[in-house]
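K.L.:
Per my numbering, the very first residue in the sequence shown carries number 399; after that it's consecutive. For every residue, glycine included, the Cβ atom is placed at its ideal position computed from N, Cα and C.
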Amino acid sequence: MKTIRLEEPGRFSLLSTDEPATSLQPDESLVRVRRIGVCGTDIHAFNGNQPFFSYPRILGHELGVEIVAVGSLSKNVHPGDRCSVEPYLNCGHCIACRRGKSNCCVSLQVLGVHADGGMREAFVVPSRKLHPSMRLTLDQLALIETLGIGCHAVDRARVEPGEFALVIGAGPIGLTVVQFAIEAGAQVIVLDINSKRLEFCRQQLGAPYLINGAVDNPLEALRQITAGDLPTVVFDATGNPKSMMGAFEYPANGGRLVFVGLFPGEVTFNDPNFHRRELTILSSRNARSEDFSRIIGLVENARIDTDSWITHRATFADAVAQFPRWTKPETGVIKAMIEV
Ligand SMILES: [Zn+2]
Ligand SMILES: [Zn+2]
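Here it is, written out as C-alpha cells:
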C-alpha cells in the first residue's frame, strides 16, 4: 500500500509499505483511510517548528475512514461503516483519564503527532476511537476532529447565551471556536489582521462583530461593541506569544481568558492587572471522546456546515507536491483535504 512519510522537516516521501497485519486484537479495527484534513500541526511539523516532534513520522490526524474489519469485541463499529477517528490514544488509568479527561492523559499519544497517523491507505486503530455516522460525507467526517478543538475550548469556558465572546485569530482553529461560541448563544467578536478571514467569519459562520487589528485599535473597538464593558470571555487561537500576552488586556473584570493555540515558550503577564480583574486563565487541549458524537449530531442536523471550509484538494499521490504550497499564507488555504 502507499504511505506518505515526513522524513525530516521540509521533505515528504511517497513509499510503498506492507499492508497492516490481518490478525486484529479483539478491541481493534482495520480501517481504510479515505480523507485526510491538513492542519496547522502538520504544517508546523513540515516546517520543523513543532515542539516534541520526532522524525520520520506519518502525519494525518483529521481522518474520514471506512471500516474494513473489526475485532471480536468491537461492538460499536461494523465493516463498511464510515467513521471519524478520535486520534487521542490515552492510557485509561492515569489521574487525568480516571477523572474523564482523556484529552490530556499523562501519556497521551496523538496519531500523526507522537505516533504514526493516517497518511497511508490503511491502518489499525482501537475501535473505541472510531465514531461512525451513516449520514455524514467522508469530508465531513474528516473535519470532526478539528471541530472538536473549538467545541472543547467553548465547553472549558462555560460560555453562556448573550455574553460577549472575543475570538482572536480566524485560522481554522479560531473558526471552530467561533462556530461553537455562536452555537452556545454568545455574541461573538472576531479579531484578526486578515480581512479575507474576517469576512469568511461573517459570511459563512454569521459572526456579528469583526475587528481588523491591522486597521483598528482592538481595545477601543471592543469598548465600543460592548458599551464599555469588554468581553467576558476571550479565546486566543493564534499560538502567537505577542497576541497571547496582549490578550490579558481584553477580558472584562471577572472574565476568563482561554488559550487554545500554543507556542513553545513562556507566557508572562502583569499580576496587578490579572488580580484587579480577578481573571480566570484556562488552557484547552484536544477534545473529549463524547464531543465527537455530539459534533457528528450537530453536523448531521446541519447546525454546522463545514463544506465551505475546504478550499484546496489533492489526490494522495499529488499531496507530496502540493503540500509546500499549503504552508504559505498567500495560497489562501483554510482547509486542504487529501483524497485517498
Ligand atoms: Zn489538527
Ligand atoms: Zn491516561
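Could you check what DSSP says for residue 429 in three-state terms: helix, strand or coil?
P.N.:
Residue numbering aside, residue 429 sits at position 31 when the sequence shown is read from its first letter. DSSP places residue 429 in strand when its eight states are reduced to three.
K.L.:
Any chance the CB of residue 437 is under 8 Å from a heavy atom of ligand 1?
P.N.:
Start at 1 with the first residue of the sequence shown, and residue 437 comes out as number 39. Under cutoff, so the answer is yes.
K.L.:
Report, in whole angstroms, the separation of the C-beta atoms of residue 607 and residue 623, which I expect to be a contact under 8 Å.
P.N.:
Locating residue 607 in the sequence shown gives position 209, where the first residue counts as 1. Locating residue 623 in the sequence shown gives position 225, where the first residue counts as 1. Yes, they are in contact, since the Cβ atoms of residue 607 and residue 623 sit about 5 Å apart, within 8 Å.
K.L.:
Could you check what DSSP says for residue 602 in three-state terms: helix, strand or coil?
P.N.:
Within the sequence shown, the letter at position 204 stands for residue 602. In the structure shown, residue 602 adopts helical secondary structure according to DSSP, grouped into three states.
K.L.:
Cβ atoms of residue 675 and residue 638: under 9 Å apart, would you say?
P.N.:
Position 240 of the sequence shown, counting from 1, holds the residue named residue 638. Position 277 of the sequence shown, counting from 1, holds the residue named residue 675. Against a cut-off of 9 Å, the Cβ pair of residue 675 and residue 638 comes out as no contact.
K.L.:
From which residue to which residue does the alpha helix (DSSP H) around residue 687 run?
P.N.:
Here the question's residue 687 lines up with position 289 in the sequence shown. Where residue 687 is concerned, the enclosing alpha helix (DSSP H) stretches over 687-698.
K.L.:
Since residue 702 and residue 471 should fall inside the 8 Å C-beta cutoff, what is the C-beta to C-beta distance between them, to a whole number of angstroms?
P.N.:
On the sequence shown, residue 702 is found 304 positions in, with the first residue counted as 1. On the sequence shown, residue 471 is found 73 positions in, with the first residue counted as 1. Between residue 471 and residue 702 the Cβ distance is about 32 Å, and since that is not below 8 Å, they are no contact.
K.L.:
Going by beta carbon distance, what residues of the same chain come within less than 7 Å of residue 508, once the five residues before and after it are set aside?
P.N.:
By one-based count along the sequence shown, residue 508 stands at place 110. Closer than 7 Å at the Cβ level, and outside the excluded window around residue 508, lie 459, 485, 486.
K.L.:
With distance defined between alpha-carbon atoms, name the residue in 518, 435, 431, 593 nearest to residue 416.
P.N.:
Reading the sequence shown from its first residue, position 18 is the one you call residue 416. Comparing C-alpha distances from residue 416 to each of 518, 435, 431, 593 shows the shortest one belongs to 518.
K.L.:
Is any non-hydrogen atom of ligand 2 found closer than 8 Å to the C-beta of residue 549, if you look at the structure I gave you?
P.N.:
The residue you call residue 549 lines up with position 151 of the sequence shown. It does not: the Cβ of residue 549 is nowhere closer than 8 Å to a heavy atom of ligand 2.
K.L.:
Enumerate in chain order the residues of its own chain whose CB-to-CB distance from residue 582 is below 6 Å, with the five nearest sequence positions on each side excluded.
P.N.:
Here residue 582 is taken as the residue at index 184 of the sequence shown, counted from 1. Cβ contact annotation for residue 582 (same chain, cutoff 6 Å, sequence separation greater than five): 552, 557, in chain order.
K.L.:
Leaving out the 5 sequence neighbours to the left and right, which residues in its chain are closer than 7 Å to residue 593 when beta-carbon positions are compared?
P.N.:
Numbered from its first residue, the sequence shown carries residue 593 at position 195. 610, listed in sequence order.
K.L.:
Quick one: what's got a C-beta closer than 7 Å to residue 694's C-beta in the same chain, skipping five residues either side?
P.N.:
Working through the sequence shown from its first residue, we reach residue 694 at position 296. For residue 694, where only same-chain residues beyond five positions count, the Cβ hits under 7 Å are 482, 529, 531, 534, 542.
K.L.:
Any heavy atom of ligand 1 inside 8 Å of the beta-carbon of residue 440?
P.N.:
Reading the sequence shown from its first residue, position 42 is the one you call residue 440. Yes, ligand 1 has a heavy atom inside 8 Å of this Cβ.
K.L.:
Have a look at residue 500 and residue 690 and give me their C-alpha separation to the nearest angstrom.
P.N.:
Mapped onto the sequence shown, residue 500 falls at position 102. Mapped onto the sequence shown, residue 690 falls at position 292. If I take the Cα positions, the gap works out to 13 Å.
K.L.:
Taking the alpha-carbon positions, what's the residue 450 to residue 683 distance?
P.N.:
As a working note, residue 450 is residue 52 in the sequence shown. As a working note, residue 683 is residue 285 in the sequence shown. Each residue's Cα considered, the two are about 15 Å apart.
K.L.:
To the nearest angstrom, report how far apart residue 578 and residue 636 are at their CA atoms.
P.N.:
Numbered from its first residue, the sequence shown carries residue 578 at position 180. Numbered from its first residue, the sequence shown carries residue 636 at position 238. When rounded, the distance between both Cα atoms is 17 Å.
K.L.:
So residue 641 is in the alpha helix (DSSP H); what residue range does that whole segment cover?
P.N.:
As a working mapping, residue 641 is identified with position 243 in the sequence shown. Start and end: 639-644.
K.L.:
Starting from the N-terminal side, write out each stretch of the alpha helix (DSSP H) that is 4 residues or longer and does not extend beyond the stretch 469-508.
P.N.:
493-496
K.L.:
Kindly examine ligand 1 and report whether one of its heavy atoms sits closer than 8 Å to the Cβ of residue 484.
P.N.:
On the sequence shown, residue 484 is found 86 positions in, with the first residue counted as 1. For ligand 1, not one heavy atom lies less than 8 Å from the Cβ of residue 484.
K.L.:
Looking at residue 680 and residue 554, is the spacing between their C-beta atoms short of 9 Å?
P.N.:
One-based indexing of the sequence shown puts residue 554 at position 156. One-based indexing of the sequence shown puts residue 680 at position 282. Yes, these two residues count as a Cβ contact at 9 Å.
K.L.:
Restricting to Cα atoms, I'd like to know which of 660, 424, 560 is closest to residue 473.
P.N.:
One-based indexing of the sequence shown puts residue 473 at position 75. With distances taken between Cα atoms, residue 473 lies closest to 424.
K.L.:
For the beta strand (DSSP E) containing residue 410, list its first residue and its last residue.
P.N.:
As a working note, residue 410 is residue 12 in the sequence shown. Element bounds for residue 410: 409-414.
K.L.:
Straight-line CA distance for residue 550 to residue 602?
P.N.:
Taking the first residue of the sequence shown as 1, we reach residue 550 at position 152. Taking the first residue of the sequence shown as 1, we reach residue 602 at position 204. Between residue 550 and residue 602, the C-alpha separation is close to 21 Å.
K.L.:
What did DSSP end up calling residue 676 once you bin it into helix, strand or coil?
P.N.:
Here residue 676 corresponds to residue number 278 of the sequence shown, with the count starting at 1. Residue state, collapsed to three classes: coil.
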